[in-house]
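Engineer: Using the UniProt record's numbering, you'd call the opening residue of the sequence shown number 1 and step up by one each time.
Note that the Cβ used here is the ideal one computed from N, Cα and C, for glycine as well.
Predicted model only: the values in this text are computed from it and were never measured.
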Amino acid sequence: MLLNDKTILVTGGTGSFGRMFIQKVLKSNVKKVIVFSRDELKQYEMAQEFTDPRIRFFIGDVRDKERLYRAFEGVDIVIHAAALKHVGACEYNPFEAVKTNIHGAQNIIEAAIDMGVEKVIALSTDKAASPINLYGATKLASDKLFVAGNSYVGDKKTRFSVVRYGNVVGSRGSVVPFFKKLVADGASELPITDERMTRFWITLDQGVQFVIDSLSRMSGGEIFVPKIPSMKMTDLAEAIAPGIKIKIIGIRPGEKLHEAMITEDDARRTIEFDDYYIIAPEFPWWNREVSSHGNKLTDGFSYVSNLNREWLTVEELKGLIK
1 MLLNDKTILV
11 TGGTGSFGRM
21 FIQKVLKSNV
31 KKVIVFSRDE
41 LKQYEMAQEF
51 TDPRIRFFIG
61 DVRDKERLYR
71 AFEGVDIVIH
81 AAALKHVGAC
91 EYNPFEAVKT
101 NIHGAQNIIE
111 AAIDMGVEKV
121 IALSTDKAAS
131 PINLYGATKL
141 ASDKLFVAGN
151 SYVGDKKTRF
161 SVVRYGNVVG
171 SRGSVVPFFK
181 KLVADGASEL
191 PITDERMTRF
201 WITLDQGVQF
211 VIDSLSRMSG
221 GEIFVPKIPS
231 MKMTDLAEAI
241 APGIKIKIIG
251 IRPGEKLHEA
261 MITEDDARRT
271 IEFDDYYIIA
281 PEFPWWNREV
291 SSHGNKLTDG
301 FSYVSNLNRE
311 WLTVEELKGL
321 IK
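#1: In the DSSP assignment, what are the bridge partners of VAL152?
#2: Under 8 Å by Cβ, that's how I've got LEU68 and ILE108 pegged, so tell me the actual separation to the nearest angstrom.
#3: For a quick check, are the C-beta atoms of LYS6 and ASP76 less than 8 Å apart?
#4: Take SER302 and list the residues in its own chain whose beta-carbon comes closer than 7 Å to its own, dropping the five residues that flank it on each side.
#5: Looking only at C-alpha atoms, which of MET197, VAL290, LEU134 sits nearest to ASP235?
#6: Taking only the alpha-carbon atoms, compute the straight-line gap between GLY104 and GLY207 and give it to the nearest angstrom.
#7: Beta-carbon separation of VAL169 and LEU204 under 8 Å?
#8: What are the boundary residues of the beta strand (DSSP E) that residue 323 is part of?
#9: Taking the alpha carbon of LYS156 as the reference point, which residue from ILE34, LEU317, ALA111, HIS293 has its own alpha carbon closest?
#10: List the whole-angstrom C-beta distance separating LYS296 from ILE240, where the pair is believed to meet the contact cut-off of C-beta under 8 Å.
#11: Decide if PRO242 is buried, meaning its Cβ has at least 16 other Cβ atoms within 10 Å, or exposed.
#12: Return yes when the Cβ of SER219 is within less than 8 Å of the Cβ of VAL290, no when it is not.
#13: Distance check for ILE246 and ILE34, CA to CA, integer angstroms please.
#14: Tell me the DSSP secondary structure of GLU103 in three-state form.
#15: What do you reckon, are the CB atoms on ASN133 and GLY221 nearer than 8 Å?
#16: Give me, in chain order, the residues of the same chain whose beta-carbon lies closer than 8 Å to that of ILE8; leave out the 5 immediate sequence neighbours on both sides.
#17: How far does the beta strand (DSSP E) with ALA260 in it reach, from first residue to last?
#18: Can you give me the C-alpha to C-alpha distance between GLY60 and LYS144, rounded to a whole angstrom?
#19: Would you give the residue range spanned by the alpha helix (DSSP H) that THR313 belongs to?
#20: To the nearest angstrom, how far is the alpha carbon of ASP114 from that of TYR152?
#21: Do LYS232 and ASP275 come within 8 Å of each other at the CB atom, strictly closer than that value?
#22: May I have the straight-line CA-CA distance separating ILE248 from THR193, to the nearest angstrom?
#23: Compute the Euclidean distance between the alpha carbons of ASP200 and LYS318, then round it to the nearest angstrom.
#24: Please classify ARG38: is it buried, with 16 or more other beta-carbons within 10 angstroms of its beta-carbon, or exposed?
#25: Where VAL225 and TYR277 are concerned, what is the direct C-alpha to C-alpha distance, given to the nearest angstrom?
#26: Taking 7 Å as the line, does the beta carbon of ILE108 fall inside it for any heavy atom of the ligand GTP?
#27: May I ask you to list the residues that DSSP assigns as paired with LEU204?
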C-alpha cells in the first residue's frame, strides 16, 4: 500500500480537511502523521480527540522556511492544505495572502526538495481557474509554482502535483454552517448574492479520498480535477430551510456568478478519465503513457459550474447537509 510505513506531514492539519485526512490515513499502516499548523489551541483540542501514538504536533508557519526544514526531516509525503482562503479577508489583507499562499508555496517546494520528500500534493480551488479575486490569483500562482517545482528537483526524487476542487460541504467558513446558524438564530430569510449563482460541490470525505487516490496516480506536475456535481445556491437555501424567503443582496467584490475548474485554454492539455480529469504538465519527461488511458477533450471544452452535466437536487443536498 502507498501509505504503509510512510511519514506524512499535513500543513494546516487542524483544519476541516486535515482532520478528516488524518482520521482516514490512521486506518492504514502509516508510520507517522505530523500535524503542522500555527494555532496551538486548535492543536491542543485536536490532541484531545486524536490520541493515536503515531501523531505528532508541530507548531509552525509555512512562511517560516527554517521551521519547514526541521519539520520535513524524515518526511515521505507532504499534503499542503495551509492557506488564507477567505475571499474577503484576502482582498482586505493582500500582502498577507501573498506571504502565505505564494511565498509559503515556494518555501514548501524548496524545503521538500532539499529534505528529500518523495511526494507533495498541494490543495487548490476552483477559484484559481481564471481568477477575479486575490485569493484565486494567489492560488493560481501557487499551482504554477508547484507544477514548475518539478523542474527544480534535478536528480532528487521529489515530485509535486496539485488537486483542484470546488466548495466543500460543511467545511469551516463555508456557506452551509453560515446558513444553518442564521436559521438556528431565527432568521426569516437567507441572503443570496444572485439567484443565478452556481457552485461545484464536494463532500469532505470525497475530497480527502481524491487526494489519497491522486497520490498513487501522480508522476509530478499534474493538476487533478474530480468530476463533481454543481448546485444552485437557491437550491442550497431550500435544502437547509424549505420554504424560507430569499433575499438577493448582490454579488460581492471578487465573487463570480459561476466557477470554473478547467478553462478552455487548459482543456487543450487535459485528459479525461471516468471520474476525474488531469490537466497535464508540458514537461518532456512527463509520463505520456497516462494519456493513453484517458481521452482528449474536444475543442472549446470548459468545465464550468453552470454548464456541468451533473447536478445536485434539493433532496440530495439535504442528505449531504445532514
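Structural biologist: Concretely, from the data shown:
#1: What you label residue 152 is simply residue 152 of the sequence shown in a count that begins at 1. The displayed chain sequence assigns Tyr, not Val, to residue 152. In the DSSP assignment, TYR152 forms no beta bridge with any residue.
#2: Numbered from its first residue, the sequence shown carries residue 68 at position 68. Numbered from its first residue, the sequence shown carries residue 108 at position 108. Between ILE108 and LEU68 the Cβ distance is about 7 Å, and since that is below 8 Å, they are a contact.
#3: As a position in the sequence shown, residue 6 is number 6, starting the count at 1. As a position in the sequence shown, residue 76 is number 76, starting the count at 1. ASP76 sits close to LYS6, with the two beta carbons spaced by under 8 Å.
#4: Locating residue 302 in the sequence shown gives position 302, where the first residue counts as 1. Listed in chain order, the non-local C-beta contacts of SER302 below 7 Å within the same chain comprise ALA260, ILE262, THR263, GLU264, ALA267, local neighbours out to five positions each way being set aside.
#5: Here residue 235 is taken as the residue at index 235 of the sequence shown, counted from 1. Restricting attention to MET197, VAL290, LEU134, the CA atom closest to the CA of ASP235 is found in MET197.
#6: For the purposes of this step, residue 104 is taken as residue 104 along the sequence shown, with counting starting at 1. For the purposes of this step, residue 207 is taken as residue 207 along the sequence shown, with counting starting at 1. Each residue's Cα considered, the two are about 22 Å apart.
#7: On the sequence shown, residue 169 is found 169 positions in, with the first residue counted as 1. On the sequence shown, residue 204 is found 204 positions in, with the first residue counted as 1. For VAL169 and LEU204, yes; Cβs fall inside 8 Å.
#8: The structure shown does not extend to residue 323, since the chain is modelled only from 1 to 322, so the question has no answer here.
#9: Here residue 156 refers to the residue found at position 156 of the sequence shown. For the residues ILE34, LEU317, ALA111, HIS293, the minimum Cα distance to LYS156 belongs to ALA111.
#10: The count along the sequence shown starts at 1 and reaches residue 296 at position 296. The count along the sequence shown starts at 1 and reaches residue 240 at position 240. Not confirmed; about 40 Å, so no contact.
#11: As a position in the sequence shown, residue 242 is number 242, starting the count at 1. Label assigned to PRO242: exposed.
#12: Within the sequence shown, the letter at position 290 stands for residue 290. Within the sequence shown, the letter at position 219 stands for residue 219. Result yes, Cβ atoms of VAL290 and SER219 sit closer than 8 Å.
#13: What you label residue 34 is simply residue 34 of the sequence shown in a count that begins at 1. What you label residue 246 is simply residue 246 of the sequence shown in a count that begins at 1. Looking at the two C-alpha atoms, the distance is approximately 44 Å.
#14: Your numbering for residue 103 matches position 103 in the sequence shown. The sequence shown places His at residue 103, not Glu. If DSSP states are grouped into helix, strand and coil, HIS103 belongs with the helices.
#15: Working through the sequence shown from its first residue, we reach residue 133 at position 133. Working through the sequence shown from its first residue, we reach residue 221 at position 221. In this structure, GLY221 does not lie closer than 8 Å to ASN133 by Cβ.
#16: Within the sequence shown, residue 8 is the residue found at index 8, counting from 1. The beta carbon of ILE8 sits closer than 8 Å to the beta carbons of VAL25, VAL30, LYS32, VAL33, ILE34, VAL75, ASP76, ILE77, VAL78, ILE79 from its chain, once the five residues preceding and following it are set aside; these are given in chain order.
#17: The residue labelled residue 260 in the question sits at position 260 within the sequence shown. 260–262 is the span of the beta strand (DSSP E), which, as asked, contains ALA260.
#18: Position 60 of the sequence shown, counting from 1, holds the residue named residue 60. Position 144 of the sequence shown, counting from 1, holds the residue named residue 144. Straight-line spacing of the CA atoms in GLY60 and LYS144 works out to 24 Å.
#19: Working through the sequence shown from its first residue, we reach residue 313 at position 313. THR313 -> no alpha helix (DSSP H), and no H or E assigned at all.
#20: Here residue 114 refers to the residue found at position 114 when the sequence shown is read from its first residue. Here residue 152 refers to the residue found at position 152 when the sequence shown is read from its first residue. Taking the straight line joining both Cα atoms gives about 10 Å.
#21: Numbered from its first residue, the sequence shown carries residue 275 at position 275. Numbered from its first residue, the sequence shown carries residue 232 at position 232. No Cβ-Cβ contact shorter than 8 Å links ASP275 with LYS232.
#22: Mapped onto the sequence shown, residue 248 falls at position 248. Mapped onto the sequence shown, residue 193 falls at position 193. In a straight line, the C-alpha of ILE248 is about 5 Å away from that of THR193.
#23: As a first step, residue 200 must be located in the sequence shown, where it is residue number 200. As a first step, residue 318 must be located in the sequence shown, where it is residue number 318. First, the residue type needs correcting, since residue 200 is Phe and not Asp in the sequence shown. Pairing PHE200 with LYS318, the inter-Cα distance amounts to about 16 Å.
#24: Sequence index remark: in the sequence shown, residue 38 carries index 38 (1-based). Answer is buried; the Cβ neighbour count reaches 16.
#25: Taking the sequence shown and counting its residues from 1, the one referred to as residue 225 is at position 225. Taking the sequence shown and counting its residues from 1, the one referred to as residue 277 is at position 277. Near 5 Å, if we compare the C-alpha coordinates of TYR277 and VAL225.
#26: Judged by which ligands are present, the structure shown has none, so any question about the ligand GTP falls away.
#27: Numbered from its first residue, the sequence shown carries residue 204 at position 204. According to DSSP, which records beta bridges pairwise, LEU204 is partnered with nothing at all.
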